[in-house]
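In full-length UniProt numbering, the protein residues as written are 1 to 289.
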């Protein structure tokens with residue numbers, strides 16, 4: 001199904017906007033009206049797309065024109081137009097920014113990795129524990145939004161009860177597996193610096209939020225700028241024994257401009273009710289075809 005972007009307001013418990021940054025004003029909104037949709041046939045996993053069944057489960061209706069979110073900044077007049085993605089294969093949804101009307105700024109997204117099951121997804125490390133199941137990039141503005149799936153790292157998450165996990169421990173677990181280099185978990189963690197963490201329970205499920213910098217110059221071109229890193233915000237949730245993480249990032253020097261939009265994307269991440277198209281990560285976990 002294809003989803004028409006829609007006008008929606010969201011409540012503070014649905015989008016925990018105060019998780020990362022202390023200087024943003026809260027937004028007063030309504031609960032569960034994530035997006036209203038109209039439908040035409042399409043594939044099960046798509047940009048701007050979701051099935052009628054999933055949308056009905058969320059109680060969504062009333063076709064409108066664009067998703068508009070109030071901004072994180074101090075100006076109440078600033079609006080952020082967003083589009084919604086629903087991945088039925090991995091059973092999650094999130095929204096990403098399209099336009100900042102007041103600044104006449106358009107994002108230039110390209111879907112670099114279409115949603116795919118964990119067993120065939122590209123690994124992020126030599127041990128193939130953590131894998132990218134979807135990704136979109138804005139090459140002009142140096143933005144990346146990706147979803148990764150991987151098992152918990154029990155070096156940091158020692159309990160099997162996820163409600164005892166702290167956001168810092170979850171962040172350490174994910175970051176320890178997030179490296180293309182053949183290095184130890186400790187060395188991988190040393191590449192990153194966690195700035196802030198928070199946990200919020202939504203519909204009875206914990207979502208862990210964290211902000212961090214990668215301690216590397218993100219491009220060869222900027223390699224001589226020792227103070228230029230990549231700035232990330234992420235959220236992680238657990239299902240079927242695996243950690244699902246939405247990451248959004250840009251260059252540190254662009255954070256003031258791009259950061260608030262990326263925060264909204266991270267805050268929008270939710271699991272959706274599994275359908276017959278859902279493929280759990282534990283199904284054929286080492287299959288690469």
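Even for Gly, the Cβ is constructed at its ideal location relative to N, Cα and C.
Quick one: Cα of residue i to Cα of residue j, how far?
i	j	result
residue 252	residue 228	6 Å
residue 195	residue 143	19 Å
residue 254	residue 284	40 Å
residue 124	residue 172	15 Å
residue 99	residue 197	28 Å
residue 279	residue 90	6 Å
residue 18	residue 243	Low local confidence applies: a pLDDT of 42 at residue 18 is under 50, so the model's placement there is unreliable, and no value is given.
residue 319	residue 250	Given a span of 1 to 289 for the chain in the structure shown, any question on residue 319 remains unanswerable.
residue 161	residue 103	45 Å
residue 167	residue 268	17 Å
residue 155	residue 170	11 Å
residue 265	residue 202	16 Å
residue 108	residue 262	14 Å
residue 41	residue 101	Residue placement at residue 41 is flagged as unreliable, the pLDDT there being 34, under the threshold of 50; the coordinate-derived value follows with that caveat. When rounded, the distance between both Cα atoms is 30 Å.
residue 159	residue 204	19 Å
residue 341	residue 260	No answer is possible for residue 341: the residues shown for the chain start at 1 and end at 289.
residue 93	residue 85	6 Å
residue 176	residue 157	12 Å
residue 256	residue 277	39 Å
What does DSSP give as the partner residue(s) for residue i in the beta ladder?
i	result
residue 208	199, 236
residue 244	149, 237
residue 100	105
residue 123	131
residue 271	92
residue 138	143
residue 166	Answer by DSSP bridge pairing: none, since residue 166 is not bridged.
residue 157	Residue 157 is not bridged to any residue.
residue 279	Looking at the DSSP assignment, residue 279 forms no beta bridge with any residue, so it has no partner.
residue 251	230
Answer yes or no: do residue i and residue j have a C-beta to C-beta separation smaller than 9 Å?
i	j	result
residue 234	residue 214	no
residue 145	residue 96	yes
residue 246	residue 147	yes
residue 133	residue 121	yes
residue 153	residue 131	no
residue 271	residue 237	yes
residue 88	residue 113	no
residue 139	residue 110	yes
residue 241	residue 115	no
residue 118	residue 281	yes
For residue i and residue j, which I take to be in contact (beta-carbon distance under 8 Å), what is that distance rounded to the nearest angstrom?
i	j	result
residue 200	residue 212	The pair is not a contact, with the Cβ atoms about 18 Å apart (cut-off 8 Å).
residue 163	residue 126	Going by Cβ atoms, the distance from residue 163 to residue 126 rounds to 32 Å, so no, they are not a contact pair.
Considering Cα atoms alone, identify which of the options is closest to residue i.
i	options	result
residue 106	93, 170, 83	83
residue 178	232, 276, 277	232
For chain B, is any of its Cβ atoms less than 9 Å away from the one on residue i?
i	result
residue 284	The chain inventory of the structure shown lacks chain B, comprising one protein chain alone.
Relative to the ligand NAP, is the shortest distance from any of its heavy atoms to the C-beta of residue i smaller than 8 Å?
i	result
residue 94	Because no ligand of any kind appears in the structure shown, any question about the ligand NAP cannot be addressed here.
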